[in-house]
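Top to bottom, those sequences are chains A and B. Position one of the first sequence corresponds to residue 753 (the working numbering), numbered consecutively onward. Position one of the second sequence corresponds to residue 14 (the working numbering), numbered consecutively onward. Yeah, the Cβ is synthetic: ideal placement off N, Cα and C, and Gly gets one too. Report on one structure; see the data block that follows.
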Amino acid sequence: DQQVKQNSPSLSVQEGRISILNCDYTNSMFDYFLWYKKYPAEGPTFLISISSIKDKNEDGRFTVFLNKSAKHLSLHIVPSQPGDSAVYFCAASEGNTPLVFGKGTRLSVIA
Amino acid sequence: GAGVSQSPSNKVTEKGKDVELRCDPISGHTALYWYRQRLGQGLEFLIYFQGNSAPDKSGLPSDRFSAERTGESVSTLTIQRTQQEDSAVYLCASSLGTGLGGELFFGEGSRLTVL
């Protein structure tokens, strides 16, 4: 049973527009959430995180929103750039447990 | 180098053979993780080492899988009597610790193909 779900396997966005990647989770004990970005033939790299005591965290063009009541988080990228094209993984953890990852969403930003 | 290093980057083996995958974590990182990604799937947790504590092996899919870590350095993931369903990219990651702020730094992975 997947605890972290990314229901959209792919997303296509025009350059300059907003990209919104969604993630749902089932474990209400998760207290830390992260987004990782992965290019082909490379390992995932950390992008942005949020703890459960916050509902928003912003870093440049990237913003993560957390809705605990809905067990939902989203990553907003604005403006989207062609270099943002990658697979984005949502991940969550409970206390000191290892991160649980979703299946990923492939973002294509079209010039 | 400064990052997590994994070897081999690619391994093709025949069903039934044993394989060993190696991971060199970032120096000073006490936590080390193995994940795998099968085609079309997310990252699946396998095993985790934290300092001198007993490893968390809860993600290992069968007793054919084992891993060792020497102190706070190199780790080896061993798969015995490989099966075709073991084909995946095996990713190693390290971090300064766990829990809040425990950002993982991943290697490039070892792609295993079992024929």
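Backbone secondary structure at residue i - three-state DSSP
| i | result |
| --- | --- |
| B/Ser31 | Note that residue 31 of chain B is Asp in the sequence shown here, rather than Ser. Three-state DSSP puts B/Asp31 in coil, outside helix and strand. |
| A/Asp776 | strand |
| A/Asp807 | coil |
| B/Gln97 | helix |
| B/Asp37 | strand |
| A/Asp836 | helix |
| B/Leu113 | Confidence at B/Leu113 is low in this model, with a pLDDT of 46, below 50, so the placement of that residue is unreliable and no value is reported for it. |
| B/Ser22 | coil |
| B/Arg77 | coil |
| A/Ala863 | coil |
| A/Val816 | strand |
| A/Arg769 | coil |
| A/Glu846 | coil |
| B/Phe118 | strand |
Residue i versus residue j - alpha carbon distance
| i | j | result |
| --- | --- | --- |
| B/Asp31 | B/Thr91 | 7 Å |
| B/Gln63 | A/Gly835 | 35 Å |
| A/Val816 | B/Arg94 | 43 Å |
| B/Val87 | A/Glu767 | 42 Å |
| A/Tyr777 | B/Leu59 | 20 Å |
| B/Asn65 | B/Glu57 | 23 Å |
| A/Lys757 | B/Gln54 | 11 Å |
| A/Lys820 | A/Lys806 | 9 Å |
| B/Asp37 | B/Leu52 | 24 Å |
| B/Leu113 | B/Lys24 | Only weak support exists for where B/Leu113 lies, its pLDDT of 46 falling under 50; the value from the coordinates is given anyway. Cα to Cα, B/Leu113 sits roughly 35 Å from B/Lys24. |
| B/Gln97 | B/Gly29 | 9 Å |
| B/Leu34 | B/Thr126 | 13 Å |
| A/Ala843 | B/Asp69 | 18 Å |
| B/Arg49 | B/Asp99 | 9 Å |
| A/Asp811 | A/Ser771 | 15 Å |
| B/Ile39 | B/Leu104 | 14 Å |
| A/Glu794 | B/Val102 | 11 Å |
Any C-beta of chain B under 7 Å from that of residue i
| i | result |
| --- | --- |
| A/Lys823 | no |
| A/Glu794 | yes |
| A/Lys820 | no |
| A/Pro834 | no |
| A/Lys757 | no |
Integer-rounded CB distance, given that residue j should sit under 8 Å from residue i
| i | j | result |
| --- | --- | --- |
| A/Leu851 | A/Leu786 | 7 Å |
| A/Asn779 | A/Ser826 | Contact doesn't hold; Cβ gap of about 18 Å is too wide. |
| B/Ser123 | B/Ser20 | 7 Å |
| B/Ser107 | B/Ala44 | 6 Å |
| A/Lys790 | A/Val839 | 5 Å |
| A/Tyr784 | A/Ser762 | So it is not a contact: roughly 26 Å between Cβ atoms. |
Bridge partner(s) assigned by DSSP for residue i
| i | result |
| --- | --- |
| A/Ala793 | Looking at the DSSP assignment, A/Ala793 forms no beta bridge with any residue, so it has no partner. |
| A/Lys757 | A/Asp776 |
| B/Arg51 | Paired residue(s): none; B/Arg51 is not in a bridge. |
Cβ of residue i within 7 Å of any chain A Cβ
| i | result |
| --- | --- |
| B/Phe78 | no |
| B/Glu27 | no |
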